[in-house]
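One structure below.
Protein chains: 4
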Amino acid sequence: MPTRYRTIRHVQFRDTDAAGIAHFSVFFQYMEEAEHEFLRHLGMSVMTRDDEGVISWPRVSATCEFQGAVKFEDVLDIEVEVLRRGEKSVTYRFTFLHENRPVAEGQITAVCCRLDAKGPPRSISIPAWITEKFEAGDEA
Amino acid sequence: MPTRYRTIRHVQFRDTDAAGIAHFSVFFQYMEEAEHEFLRHLGMSVMTRDDEGVISWPRVSATCEFQGAVKFEDVLDIEVEVLRRGEKSVTYRFTFLHENRPVAEGQITAVCCRLDAKGPPRSISIPAWITEKFEAGDEA
Amino acid sequence: MPTRYRTIRHVQFRDTDAAGIAHFSVFFQYMEEAEHEFLRHLGMSVMTRDDEGVISWPRVSATCEFQGAVKFEDVLDIEVEVLRRGEKSVTYRFTFLHENRPVAEGQITAVCCRLDAKGPPRSISIPAWITEKFEAGDEA
Amino acid sequence: MPTRYRTIRHVQFRDTDAAGIAHFSVFFQYMEEAEHEFLRHLGMSVMTRDDEGVISWPRVSATCEFQGAVKFEDVLDIEVEVLRRGEKSVTYRFTFLHENRPVAEGQITAVCCRLDAKGPPRSISIPAWITEKFEAGDEA
Chain R
1 MPTRYRTIRH VQFRDTDAAG IAHFSVFFQY MEEAEHEFLR HLGMSVMTRD
51 DEGVISWPRV SATCEFQGAV KFEDVLDIEV EVLRRGEKSV TYRFTFLHEN
101 RPVAEGQITA VCCRLDAKGP PRSISIPAWI TEKFEAGDEA
Chain X
141 MPTRYRTIRH VQFRDTDAAG IAHFSVFFQY MEEAEHEFLR HLGMSVMTRD
191 DEGVISWPRV SATCEFQGAV KFEDVLDIEV EVLRRGEKSV TYRFTFLHEN
241 RPVAEGQITA VCCRLDAKGP PRSISIPAWI TEKFEAGDEA
Chain L
281 MPTRYRTIRH VQFRDTDAAG IAHFSVFFQY MEEAEHEFLR HLGMSVMTRD
331 DEGVISWPRV SATCEFQGAV KFEDVLDIEV EVLRRGEKSV TYRFTFLHEN
381 RPVAEGQITA VCCRLDAKGP PRSISIPAWI TEKFEAGDEA
Chain B
421 MPTRYRTIRH VQFRDTDAAG IAHFSVFFQY MEEAEHEFLR HLGMSVMTRD
471 DEGVISWPRV SATCEFQGAV KFEDVLDIEV EVLRRGEKSV TYRFTFLHEN
521 RPVAEGQITA VCCRLDAKGP PRSISIPAWI TEKFEAGDEA
């Protein structure tokens, strides 16, 4: 049974635009914030320093469908779910509701990478200790 | 022959993150900026006031695939193209290159709407004068 | 005794830059978010619709001194205080600590205005019902 | 005679808020973008890698006074000037006009620092090669 993690976000004034509603691009920030909160909940971080350097999760794909508009000070109920877990990548699904009304649904696929000050990020197999954290979350 | 509009963007310092690369969410801002520049190029704006009020283009879908990372001060070559033009919506495709290397490819679908201070945005058929601007662009 | 309102903020990944620390400009967003949270705590909003239209608080001045850097996932303790309350404006002071270490101190001066779709914002005397909310906060 | 560097910025849709005007916090982003463009104009970057590591310019102070509101698609004329150059820091002044009307005036003080993956930024005397670039700008 895959973990479903729930959190909330208030629409900030800075998130709105001259059309009077939350700008579509902030939903990608909300998704990432919810993902990172979920990882902390599982006892991890999106960026970890180990003996060999830094492991992080660059994104290869991000999508969002918008079903309704929200305004300044609206409260968003956000649900994060692991949709797919591959050898090197994880796909998260995010659902946004406002007062039980669907607002948006998105997905982010992130690839486990080693970061290096010099070259580009290099994809790696997800380390066992990370897989275990996800699995512990699934069982909880 | 559909219009292809080209523009560039410098990766700003604020666009980068602690992984040392442009954050994925800023590509959605770059896409929108390129779309708006394209509309101005065609003699329109994404937000127009007419006798009946305001016409604007809320987004129903936004996606981006990321093929490579870019850093502070990298220059992005961005191409905008109208992929589909329906009765009430337009889908744009965006291609990002850095030094001829693919960086990202995205799509935004926007719906022609009347905005109102009170209710939510209300979709309308794209007015003839807007269709003409797109068609003039196609012929150019 | 002026109200002191306390809140916290996690440094988000999007808030960091390629120098590995929270970007200076996000402190202005944190300040505003704390101000708005404070106003909600007092039973108000930074943007209110009444019979005559909309009352809001455009900023005439914003400053921040930076005393230390913070990183992704650091927790900021933020304190908001009303430093001055004039006939038409309010000045807030914001103090940022991380693990009891000073990080930043800022001020925002906002002017009470009527907003109008057509003209620029127009400053007004702070309405009595708003002054009463601030005073109730001072006494609490 | 200190260099004055001029550039422009279009107010982007994402820069506006539900009050229909450019959000105050984006002026700090505009200031930094103008500063970085100015440094490139002088043949430098705000972030330089040399034999010993990375030199960058964390901010110790940022202020802005707002004199008028601007809307989506307004064009800002921005002027950057070196107000003070100390042994370890530089203070820039920024002036924003829209159609010759004053919009905002701000200052940023940045300190020359060595960055290090481990510790906090460490202030250093501005290297001679950087001072020469500023002086060449003054004489131009």
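From first to last, the protein sequence lines are chains R, X, L and B. If you count by the working numbering, then the first sequence holds residues 1 to 140, one letter each, in order. If you count by the working numbering, then the second sequence holds residues 141 to 280, one letter each, in order. If you count by the working numbering, then the third sequence holds residues 281 to 420, one letter each, in order. If you count by the working numbering, then the fourth sequence holds residues 421 to 560, one letter each, in order. Cβ atoms here follow ideal geometry from the backbone N, Cα and C, with glycine treated the same way. Everything numeric in this text was worked out from a predicted model, so none of it was measured.
Asked	Found
Let me know the secondary structure DSSP gives His461 of chain B once reduced to three states.	helix
Assuming Ala202 of chain X contacts Phe168 of chain X (C-beta within less than 8 Å), just tell me the rounded distance between them.	6 Å
Using DSSP with H/G/I as helix, E/B as strand and the rest coil, what is Glu73 of chain R?	coil
Does Pro522 of chain B come within less than 8 Å of chain L when only Cβ atoms are used?	no
With a floor of 3 residues, list each beta strand (DSSP E) that falls wholly inside the stretch 347 to 413 of chain L, ordered by position along the chain.	355 to 365, 369 to 378, 381 to 391 and 393 to 395
Any idea if Ala276 of chain X is buried or exposed, counting beta-carbon neighbours within 10 angstroms, 16 or more meaning buried?	exposed
Which of the three DSSP states is assigned to Gly440 of chain B in this structure?	coil
Check this for me: beta carbons of Phe346 of chain L and Phe304 of chain L, under 8 Å apart or not?	yes
Identify the contact partners of His163 of chain X in chain L, using a Cβ-Cβ distance below 7 Å as the criterion.	Arg294
Is it true that the stretch 104 to 123 of chain R meets the stretch 44 to 61 of chain R, where meeting means three or more beta-carbon pairs spaced less than 8 Å apart?	yes
Among R:Arg122, R:Arg40, R:Pro102 and R:Asp77, which one has its Cα closest to the Cα of Arg6 of chain R?	R:Asp77
At the 8 Å Cβ level, is Phe206 of chain X part of the contact set with chain L, yes or no?	no
Can a CB atom of chain X be found closer than 8 Å to the CB of Arg59 of chain R?	yes
Listing by chain order, which chain B residues have their CB less than 7 Å from the CB of Asp74 of chain R?	Simply none; closest approach about 11 Å.
Alpha carbon to alpha carbon, how far is Arg59 of chain R from Pro120 of chain R? Give it in angstroms, no decimals.	13 Å
For Asp15 of chain R and Glu272 of chain X, I'd like the C-alpha separation in whole angstroms.	33 Å
Determine the chain X residues that contact Pro121 of chain R at a beta-carbon separation under 7 Å, and present them in chain order.	Ala209
Please check the pair Arg241 of chain X and Gly208 of chain X, which I expect to be a contact at CB under 8 Å, by giving their CB distance rounded to whole angstroms.	6 Å
Can you tell me which of X:Thr249, X:Tyr170 and X:Arg144 puts its alpha carbon nearest to the alpha carbon of Gln152 of chain X?	X:Tyr170
When the Cα of Ile404 of chain L is compared with those of L:Arg289, L:Phe318, L:Val306 and L:Trp337, which residue comes out closest?	L:Trp337
So the beta strand (DSSP E) Asp470 of chain B belongs to, where does it begin and stop?	Met467 to Asp470
So with CB distances below 7 Å, who are the chain B contacts of His176 of chain X?	Phe433
For the beta strand (DSSP E) holding Arg14 of chain R, just list the boundary residues, first then last.	Here Arg14 of chain R belongs to no beta strand (DSSP E), and DSSP marks it neither H nor E.
Does the beta carbon of Met327 of chain L sit closer than 8 Å to a beta carbon anywhere in chain R?	yes
With a threshold of 6 Å on Cβ separation, who are the neighbours of Cys153 of chain R within its own chain once the five nearest residues in sequence on each side are excluded?	For residue 153 of chain R there is no data in the structure shown, the boundaries of chain R being 1 and 140.
Does Thr231 of chain X have its Cβ less than 8 Å from a Cβ in chain R?	no
For Glu313 of chain L, return the contacting residues in chain R, with the cut-off set at a CB-CB distance below 9 Å.	His10, Gln12, Phe13 and Arg14
Quick check on Asp51 of chain R: buried or exposed, where buried means 16 or more other Cβ atoms within 10 Å of its Cβ?	exposed
Is any beta-carbon of chain B found at less than 8 Å from that of Gln247 of chain X?	no
Per DSSP, Gly333 of chain L is paired with what?	L:Asp330
If you compare alpha carbons, which of L:Asp354, L:Gly323 and L:His378 is closest to Arg40 of chain R?	L:Asp354
For Val531 of chain B, which residues in the same chain have their Cβ closer than 7 Å to its Cβ, ignoring the five residues on either side in sequence?	Trp477, Pro478, Val480, Lys508, Ser509 and Ser543
How big is the Cα-Cα spacing for Glu35 of chain R and Ile8 of chain R?	12 Å
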